[in-house]
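**Q**
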Amino acid sequence: MLEQQQKYTFVRSMSSLSKREKWMLLVPVLLLLPVFIWAGYWEWFQPADWKKILESSKVWQKTLPMIFPLGLFAIAQGGIQWLNRSSKLVIDGTGVFMEWPSDSVFAKWKFLQKRFAWDDVKKARYVLSSRGVVLLSKTNSTLWTIRLKDWKLSSVEPTQYAIKPAEIDLLGVFRELDIFEDASKDPGQFDLMKHPVTRSILLGICALLVYCFFDSTMQQEGWAFFNFAYLLPHVIFTALATIVLAWVASAANKRQPPPKGITAFLVVLASFSLLVTSYIAGIRINQFAGGPLISAEYHRDGSCENLIPVDKSLPVVEYTHKTKDYWCSRAVDEVQTVKVRKGLFGHYQFDLSEQDREIGDFKKKSSATNVPPANSKSH
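Following the numbering used here, the numbering of the sequence shown begins with 2 at its first residue and continues without gaps.
1) Give the DSSP-derived three-state secondary structure of SER88 in the structure shown.
2) Which first and last residues belong to the alpha helix (DSSP H) in which LEU232 is found?
3) With H, G and I counted as helix, E and B as strand and the rest as coil, what does DSSP make of TRP152?
4) Once DSSP output is grouped into helix, strand and coil, what is the label at PRO169?
5) Candidates TYR212, SER201, LEU136: which alpha carbon is nearest LEU178's?
6) By the three-class DSSP mapping on this structure, what secondary structure does TYR320 have?
7) Could you check whether the region 301 to 315 touches the region 266 to 281, counting it as contact only if at least three pairs of C-beta atoms, one from each stretch, sit closer than 8 Å?
8) Compute the Euclidean distance between the alpha carbons of ILE237 and ILE169, then round it to the nearest angstrom.
9) How would you write the range of the alpha helix (DSSP H) that PRO197 sits in, first residue to last?
10) In whole angstroms, what separates the C-alpha of ILE360 from that of VAL318?
11) Tell me the DSSP secondary structure of GLY133 in three-state form.
12) Let's test the definition: count the other Cβ atoms within 10 Å of the Cβ of LYS313 and tell me whether it reaches 16, buried, or not, exposed.
13) Along the chain, which unbroken stretches of the beta strand (DSSP E) at least 3 residues long are found entirely within the region 279 to 315?
14) Can you tell me which of the three DSSP states TRP101 falls into?
15) Could you check what DSSP says for THR140 in three-state terms: helix, strand or coil?
16) Taking only three categories from DSSP, how would you classify PHE181?
17) Might you give, ordered along the chain, the residues of its own chain that have their beta carbon closer than 7 Å to the beta carbon of GLN7, omitting 5 neighbours on each side?
18) Given the structure, does LEU193 come close to the ligand MN, in the sense that its CB is under 7 Å from one of the ligand's heavy atoms?
19) Just to confirm, is the Cβ distance from ALA125 to PHE181 under 8 Å?
20) Got a sec? Which residues, its chain only, sit under 7 Å from GLN350 by beta carbon, not counting five neighbours each side?
21) Thinking ALA297 and LEU276 are a contact (beta carbons under 8 Å), I'd like their distance in whole angstroms, please.
22) Assuming PHE175 and VAL122 form a contact by the criterion Cβ under 8 Å, report the distance between their Cβ atoms to the nearest whole angstrom.
23) For GLY189, count the other beta carbons within 10 Å of its own beta carbon; 16 or more makes it buried, fewer makes it exposed. Which is it?
24) For PHE363, which residues from the same chain have a beta carbon less than 6 Å from its beta carbon, with the 5 sequence-adjacent residues on both sides left out?
25) Do you know how far the Cα of HIS196 is from the Cα of ASP187?
26) Of the residues ALA290, HIS322, LEU246, which one's Cα is nearest the Cα of PHE346?
27) Would THR321 and SER155 be called neighbours here (beta carbons separated by less than 8 Å)?
28) What span of residues does the beta strand (DSSP E) with TRP224 cover, start to end?
29) Looking at the unbroken alpha helix (DSSP H) that takes in ASP326, where does it start and where does it end?
30) Identify whether THR10 lies in helix, strand or coil by the three-state DSSP scheme.
31) For ILE295, which residues from the same chain have a beta carbon less than 8 Å from its beta carbon, with the 5 sequence-adjacent residues on both sides left out?
32) For the beta strand (DSSP E) containing ALA332, list its first residue and its last residue.
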C-alpha cells in the first residue's frame with residue numbers, strides 16, 4: 002500500500018473511443034450499409050434519383066428521426082471529451098479520486114467528481130481485454146471503470162529521483178497498491194461455445210442465417226416496395242424479440258453468468274439476424290396467409306422504369322436503370338402480365354420470375370451482339 006504522503010497525479014491523454022462508443026457509432030452504419038449496397042446494385046445513385054429523393058419531404062420526415070439521435074450522440078460525445086480534458090486523477094494513500102482544477106468552471110459541480118477511499122473498495126479488477134481498472138464500492142455498489150490509456154502521469158509528490166516519470170504508469174501504481182483479485186478472469190479469454198447462454202445464442206444465429214440463405218434462394222416472390230411501411234412490422238417484431246432474448250439471457254444461469262459485454266454483443270448480433278429473418282420469412286408468411294396470386298395487366302411508362310397497373314388499386318412495379326433498355330424495347334401499349342399477391346396488412350408482393358428471365362435473356366443477346374469478332378483489331 003502507498004505511503005500516506007505519496008501522491009500521484011495523472012492528466013487526460015488523447016484517447017480513442019471506447020468499445021461501447023464505437024458500437025454506438027457502428028450500429029447505425031451497419032443498419033444503413035445493406036441499404037446502400039442494395040441501392041448500388043439497383044443503380045439508385047443516379048443524379049436524377051438523388052435529386053428526387055432530396056426534394057421529397059416524406060424522405061426527410063422519415064430520415065431525420067434516424068439521423069437526429071446519431072447527431073445528438075456526436076455532440077454529447079464531443080461535450081464529454083471537452084469536459085474531461087481538464088480533469089485530473091489523483092492517487093494517494095487514502096484513495097483515488099477524479100477532480101477538476103480550482104480555476105475550472107467544472108470545479109463547482111461536485112457531482113462530476115468521483116472519489117473512492119481504499120477502505121470503501123469492495124472489489125478491484127484489471128480487465129486485460131479493455132485495459133481498464135474496475136472498482137466496486139462497498140457502501141452503494143458504485144462501479145467505476147478507469148481506462149489506462151486515458152491517463153498519463155503529470156507529477157509525483159514527493160519527487161522520486163530514483164524513478165523516471167516516464168517509467169511510472171497508472172497500472173503500475175495500482176499494482177503497487179495490491180488491490181487486484183488474484184482469481185479475476187478476463188472476458189477476452191471467455192469461451193463462447195462452453196457457456197450454455199452464449200452457445201445457445203450463437204447456434205440460434207447460425208440457424209437463422211442458414212434459413213435465410215436457403216429460403217431466399219428458393220422463393221420467387223418479393224415485397225412490392227422497400228420502404229418504411231413495409232419495414233415497420235419487421236422492426237417491431239425484432240425489437241420485441243430482442244427484448245425477450247436480452248431478458249432470457251440475463252435471467253439464465255445466474256450462478257455463472259457470462260460477461261455482460263459479450264452477452265450484449267451477441268444480443269445485438271442476434272437482433273440483426275432476427276430482422277433479416279423476419280423480412281425473408283414475412284414473404285413466406287404472406288404467401289400462405291395472404292390472398293391468391295393473381296395475374297394483372299400492366300403497361301410500361303414513358304421512362305421505361307416502371308410498370309403501371311390497369312387496375313389503379315394495385316401497386317406500381319418499380320424498376321431501375323439496369324432494365325431500361327429492355328423495357329424501352331417493348332411498346333407502351335403492350336400488355337405486361339404481372340403476378341400480384343395482396344398479403345397481410347395490405348402489403349403486396351410480386352412474382353417477377355418471368356420478367357427477370359426475359360430481362361436476363363435480353364441482356365445476353367445484347368451483350369452477344371456487342372462483342373467484336375475475335376480476329377478484329379481496334380483502331
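All C-beta atoms in this analysis are idealised placements derived from N, C-alpha and C, irrespective of residue type, glycine included.
Model, not experiment: these values are computed from the prediction.
**A** A quick look at the data gives this:
1) coil
2) 229 to 252
3) strand
4) Here residue 169 turns out to be Ile, not Pro, going by the sequence shown. Three-state DSSP puts ILE169 in coil, outside helix and strand.
5) LEU136
6) coil
7) no
8) Going by the C-alpha atoms only, they are around 52 Å apart.
9) 197 to 219
10) 14 Å
11) When secondary structure is reduced to three states using DSSP, GLY133 falls in the strand class.
12) Exposed, because fewer than 16 other Cβ atoms sit within 10 Å of the Cβ of LYS313.
13) 294 to 301, 307 to 310
14) coil
15) coil
16) coil
17) ASP93, GLY94
18) The ligand MN is absent from the structure shown, which contains no ligand whatsoever.
19) yes
20) GLU222, GLY223, TRP224, ALA225, ILE284, ASN287, ARG342, GLY344
21) Actually they do not touch by this definition, with Cβ atoms about 30 Å apart.
22) In fact, because the Cβ distance is near 11 Å, the residues do not count as touching under 8 Å.
23) Here GLY189 scores only 47 on pLDDT, less than 50, and its place in the model should not be relied on; the value that follows carries that caveat. Exposed: under 16 other Cβ atoms inside 10 Å.
24) TYR327
25) Confidence is the limiting factor: at ASP187 the pLDDT is only 47, short of 50, which leaves the residue's position unreliable, though a coordinate-based value still follows. Using only the alpha carbons, I get a separation of about 15 Å.
26) The shortest Cα separation from PHE346 among ALA290, HIS322, LEU246 belongs to ALA290.
27) no
28) 222 to 224
29) 325 to 329
30) strand
31) Closer than 8 Å at the Cβ level, and outside the excluded window around ILE295, lie LYS340, VAL341, ARG342.
32) Following the DSSP letters along the chain, one finds ALA332 in no beta strand (DSSP E), marked with neither H nor E.
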